[in-house]
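In what follows, a single structure is set out as structure tokens and then discussed.
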Amino acid sequence: MRVAVITETFLPNVNGVVTTLCRLLEHLRDHGHQALLVAPEGSVSSYAGAEIIPLRGVPLPSYPELRITPPQPGLTAQLRRFRPDLVHLAGTMALGVAGRHTARQLGVPLVGAYHTDFPAYTAHYGLGFLRTLAYRYLRWVHNSCAVTLCPSLATIADLRDHGFRRLRLWGRGVDTERFHPRHRSAAWRTAVGAQPDERVLLYVGRLAPEKRLDLLADVLPSLPNTRLVFVGDGPARSALEQRLGSNAHFTGYLRGADLSTAYASSDLFVFPSDTETFGQVIQEAMASGLPVVAARAGGAIDMVRDGITGTLFTPGSAAELRAQTLRLVRAPEQCAALGAAGRAAAERRSWGRVMDELLGHYQITLHRQSLRRRAA
Numbered sequence: 051m052r053v054a055v056i057t058e059t060f061l062p063n064v065n066g067v068v069t070t071l072c073r074l075l076e077h078l079r080d081h082g083h084q085a086l087l088v089a090p091e092g093s094v095s096s097y098a099g100a101e102i103i104p105l106r107g108v109p110l111p112s113y114p115e116l117r118i119t120p121p122q123p124g125l126t127a128q129l130r131r132f133r134p135d136l137v138h139l140a141g142t143m144a145l146g147v148a149g150r151h152t153a154r155q156l157g158v159p160l161v162g163a164y165h166t167d168f169p170a171y172t173a174h175y176g177l178g179f180l181r182t183l184a185y186r187y188l189r190w191v192h193n194s195c196a197v198t199l200c201p202s203l204a205t206i207a208d209l210r211d212h213g214f215r216r217l218r219l220w221g222r223g224v225d226t227e228r229f230h231p232r233h234r235s236a237a238w239r240t241a242v243g244a245q246p247d248e249r250v251l252l253y254v255g256r257l258a259p260e261k262r263l264d265l266l267a268d269v270l271p272s273l274p275n276t277r278l279v280f281v282g283d284g285p286a287r288s289a290l291e292q293r294l295g296s297n298a299h300f301t302g303y304l305r306g307a308d309l310s311t312a313y314a315s316s317d318l319f320v321f322p323s324d325t326e327t328f329g330q331v332i333q334e335a336m337a338s339g340l341p342v343v344a345a346r347a348g349g350a351i352d353m354v355r356d357g358i359t360g361t362l363f364t365p366g367s368a369a370e371l372r373a374q375t376l377r378l379v380r381a382p383e384q385c386a387a388l389g390a391a392g393r394a395a396a397e398r399r400s401w402g403r404v405m406d407e408l409l410g411h412y413q414i415t416l417h418r419q420s421l422r423r424r425a426a
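Structure follows, in structure tokens:
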């Protein structure tokens, strides 16, 4: 099988989409398939044996880390030389148009993956008036796909309510060796300023308005004997640092063993975002043995079993977030039980199993195309 993947984010960026795409390219290579990746310029030239075609992008003024990558001349010709059996569209912002057009020109099926809730983002950047337009555009792109793969049941329900068709559930895996409680480090806790009697609360992800980090800033000062650590970076970092001062520690982005250590060395994972289609960092925290406090929205509903692997609070409610967090901070034995249950749940979600499921979607799509061609 020859698979062309189009994405608007890749290495060196750190996010759930990039993690998923790296695993996909590795899985295709390991199973004898050929892959080509179209990604914004600035990345590596190849990954897991797949050539990467760079496209010029324009950084967002308020968020230079993210780039708008418009359709560009020559892309169809480059993909035609690769001769893909199908096109996997992992970026639907600006490149949705390119993916739709290229697949039609090549006469191959388009498989869409819905990673990011752009309509929900509009409210957090003062662009709420564009929400309906965002749904309309995304519906136009995804309804041209043979199938759209959604990471959570909440995403499927939302898209179905807005007229999206041919939706299927496709979750995400987690590396339970890389993320493991055995990576806990007392030295790391000291380095982030945690006192021996303090509980370390951890957030991992972009520091941006849509992540609702304002809720953590509201809650932290009233929590006794706690230390909040932010792993990540983004446009909200400066404001958070000024507001929280010495009450919080900011590490910037972490990778590899440093990220594993950060998870395992903390006591509680707090994730107030209510715009997540999945929330890969929740799974990584669970694999690391951390109980999770998350907003009852999006992918968290599928992953966090309330009262068993963590606890859920009403999205946007600082009062509920504080109450749930404080309750667990005061109950270390319950935290340990929730963390152990989360670890057990994560062990059932291997990347190999998830990627085999994706290849199954590919094969069904190609089989259906073959039947249609025979009928024609």
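For the sequence shown, the numbering used here assigns the number 51 to the initial residue and increments by one for each residue that follows. In this text, a Cβ means the ideal position worked out from N, Cα and C, and glycines have one as well.
- Taking 3 residues as the shortest admissible run, the region 318 to 391 contains the following complete beta strand (DSSP E) segments, listed from N- to C-terminal end: 318 to 321, 342 to 345 and 360 to 363.
- Exposed is the label assigned to residue 219, since fewer than 16 other Cβ atoms lie within 10 Å of its Cβ.
- Taken in chain order, the unbroken stretches of beta strand (DSSP E) that lie wholly in the region 100 to 188 and span 3 residues or more are 100 to 105, 108 to 110, 113 to 118, 136 to 139 and 160 to 163.
- The beta carbon of residue 79 lies closer than 8 Å to those of 85, 98, 99 and 100 in the same chain, with the five residues before and after it left out.
- Rounded to the nearest whole angstrom, the CA to CA distance from residue 203 to residue 353 is 11 Å.
- For residue 72, no beta strand (DSSP E) segment is defined; the enclosing uninterrupted segment is the alpha helix (DSSP H) at 66 to 80.
- The distance from the Cβ of residue 380 to that of residue 315 is about 20 Å, inconsistent with a contact at the 8 Å cut-off.
- Membership of residue 89 in the beta strand (DSSP E) is indicated by the continuous run 84 to 90.
- Residue 97 has 100 as its beta-bridge partners, per DSSP.
- Counting C-beta atoms within 10 angstroms of its own C-beta, residue 192 has 16 or more neighbours from the protein chains shown and is therefore classed as buried.
- Between residue 281 and residue 312, the C-beta gap is smaller than 8 Å, which places the two residues in contact.
- The continuous stretches of beta strand (DSSP E) do not include residue 412, which lies in the alpha helix (DSSP H) extending over residues 401 to 425.
- Residue 95 is classed as exposed because its beta carbon has fewer than 16 other beta carbons within 10 Å across all chains shown.
- Counting C-beta pairs closer than 8 Å gives fewer than three between the region 151 to 158 and the region 167 to 181, which falls short of the contact rule.
- For the set 139, 148, 147 and 391, the Cα lying nearest the Cα of residue 163 is the one of 139.
- Annotation: residue 240 is outside any beta strand (DSSP E); the continuous alpha helix (DSSP H) that includes it extends over 236 to 241.
- For residue 333, the number of other beta carbons within 10 angstroms of its own is at least 16, and it is reported as buried.
- Nearest in C-alpha terms to residue 373, of all of 362, 383 and 382, is 362.
- A direct Cα-Cα distance of roughly 14 Å separates residue 348 from residue 210.
- Contact between residue 102 and residue 87 holds: their C-beta atoms lie close to 5 Å from each other, under 8 Å.
- One thing to note: residue 222 has its Cβ within 8 Å of the Cβ of residue 404.
- If you look at residue 306, you'll find it in the alpha helix (DSSP H) that goes 306 to 314.
- Just so you know, the alpha carbons of residue 356 and residue 341 end up roughly 10 Å apart.
- Straight-line spacing of the CA atoms in residue 416 and residue 141 works out to 21 Å.
- Taking 8 Å as the cut-off, the beta carbon of residue 254 is found no closer than this to the beta carbon of residue 299.
- Listed as beta-bridge partners of residue 54 by DSSP are 86 and 137.
- Taking every protein chain shown into account, the CB of residue 238 has 16 or more other CB atoms within 10 angstroms, so this residue is buried.
- In the three-state reduction of the DSSP assignment, residue 254 falls in the strand class, which pools E and B.
- Cα atoms of residue 224 and residue 399: separation of roughly 6 Å, rounded to the nearest angstrom.
- Below 8 Å, too few C-beta pairs join the region 283 to 295 and the region 385 to 394 to call them touching: fewer than three.
- Residue 70 is positioned such that its CB atom lies no closer than 8 Å to that of residue 90.
- Less than 8 Å separates the beta-carbon of residue 364 from that of residue 346.
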